[in-house]
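Take any residue in the sequence shown, count from 1 to its spot, add 1: that is its number in the working numbering.
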Amino acid sequence: MFRRKPSKEAAGEAEPLTVFPGQQSFWTGGVFRLLGSGIRYYKLAFFSVKVYELALFAEDSTCAASLQNLKAQGFFRDLSDQTCCAALSAGSFKKMLVYHMLRSVTRAQFVDRLLEDLRPRLQKTGDEGLLPPFISYFNDKSFEAGTQFLMLWTEEGVLEGGVFPARQQDFVHVQPTLRLPSQNLCKAIFDIYLEPDTPVPDARQQWIASVRRAVGVQ
């Protein structure tokens, strides 16, 4: 369970920020390190509201080595924001997106917004046919405040994950209920947040800083 800072709660809303641990273990791999987190806003009616906080974790034992390997291959011709984010996408290591719902939203609100971000990316690669099996996963899911949604991108290009209740504390002894083998689907989902038009700009800046530290530049 990813804890929140103590605060008063409104009905259907959990007040940020989430206290994501610096290190976390999941159902696969070794220890994962937190690269940073930030808040996603939705425009509901006439207001922008905090809907979830998104964190990116990377497997600690392989992330730094993979980034250093990319550096040795000349990948980092510069250390621009875009290059650092491209390295996170290209690096051969396990990476996990963790969504912590700060507000209750309907399944349609969550899925429709995800589709809005994801569909054009899959259209570019000719992989729009991957959408139905991915979206059907959410048919019986709900997204109340406190719900946790995890998506893992494996080195083999498999998307694994699951939706977990707020009370869930153990992510080691769980089985992912979402599993779709597609490198392009994994990349498209993560690129929603890694590209310059990211809906979580504060998180992206933290991830960029983590890459620069990993390759020896502060």
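Glycine included, each C-beta is placed from N, C-alpha and C at the ideal position.
Note to self: My assumption, with CB atoms under 8 Å, is that A65 sits in contact with L35. Please give the rounded CB distance.
What the structure shows: No, A65 and L35 are not in contact; Cβ-Cβ is about 14 Å, not under 8 Å.
Item checked: Residues near F33 in its chain [Cβ-Cβ closer than 8 Å; skip 5 each side] -> Excluding positions up to five away in sequence, the list reads Q24, Q25, S26, F27, F58, A59, E60, D61, K95, M97.
Margin query: Are the CB atoms of Q149 and Y100 within a distance shorter than 8 Å?
Written below: Yes.
Note to self: Taking the alpha carbon of G54 as the reference point, which residue from F165, E161, G39 has its own alpha carbon closest?
What the structure shows: Correcting the residue identity first, residue 54 is Glu in this sequence and not Gly. With distances taken between Cα atoms, E54 lies closest to G39.
Check: Which class does K188 belong to by DSSP, given the choice of helix, strand or coil?
Finding: Here K188 sits in helix by DSSP.
Check: Who are the near neighbours of D192 in its chain, counting only those whose CB is closer than 8 Å to its CB and skipping five residues on each side?
Finding: By the criterion of a C-beta distance shorter than 8 Å, D192 is surrounded in its chain by S90, R122, once the five residues flanking it on both sides are discounted.
Checklist line | Host beta strand (DSSP E) of K44 (start-end) | finding: Residue range 32 to 45 is occupied by the beta strand (DSSP E) that includes K44.
Margin query: Quick check on DSSP: helix, strand or coil for K72?
Written below: Secondary structure of K72 (DSSP, three-state): helix.
Check: Using CA coordinates, which residue listed in P166, G217, L179, F47 is at the minimum distance from L160?
Finding: Distances from the CA of L160 to each of P166, G217, L179, F47 were compared; the closest alpha carbon is that of L179.
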